[in-house]
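Trainee: The sequence shown begins at 34 in the numbering used here and counts up by one.
Ideal Cβ placement from N, Cα and C applies to all residues, glycine included.
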Amino acid sequence: MSETLSQPVVLSDSAVKRINAILAKSDGAPSLRISVEGGGCSGFSYKYDLTDDREADDLVIERDGARVVVDPVSLVYLEGSVVDFVDDMMGQSFQIRNPNAVASCGCGTSFTV
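1) Please confirm whether residue 89 and residue 53 have their CB atoms less than 8 Å apart.
2) Please state whether the Cβ-Cβ distance between residue 44 and residue 116 is less than 8 Å.
3) Quick one: residues in its chain with C-beta nearer than 7 Å to the C-beta of residue 47, no 5 flanking neighbours on either side, listed in chain order?
4) For the alpha helix (DSSP H) that contains residue 47, what are its first and last residues?
5) Under DSSP, the alpha helix (DSSP H) around residue 106 begins and ends at which residues?
6) Which whole-angstrom value is the C-beta distance of residue 97 and residue 49, which I expect to be below 8 Å?
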């Protein structure tokens, strides 16, 4: 997996491929927004949205045509994370390997810091 670890948030090869496929099918949304919200079974949850909106203080991650935006509040919780896309017997999903999470739920979409 080729990753640039100097980035605050890194996209895996499989995440880049899936993001590009999703954005190609969207109605002009140029970015995938990843954010962190309160809630979920472990305290915080990840949220994914297609968007064409970008704020001046958003982190923009671009790799091989895939574009992800992260707001500054969410970045505090996502710093050092790797965004991956997994296709296995349990299904397909984005998974975030987050070094800040001290616990997470079984579904992988909720975490505790």
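Mentor: Looking at the coordinates:
1) It is not a contact, given that the beta carbons lie outside the stated cut-off.
2) Contact annotation: residue 44 and residue 116 have beta-carbon atoms nearer than 8 Å.
3) Cβ neighbours of residue 47 beyond the five flanking positions: 117, 118.
4) 46 to 58 is the span of the alpha helix (DSSP H), which, as asked, contains residue 47.
5) Residues 105 to 111.
6) Contact between residue 97 and residue 49 holds, since their C-beta atoms are separated by about 5 Å, short of 8 Å.
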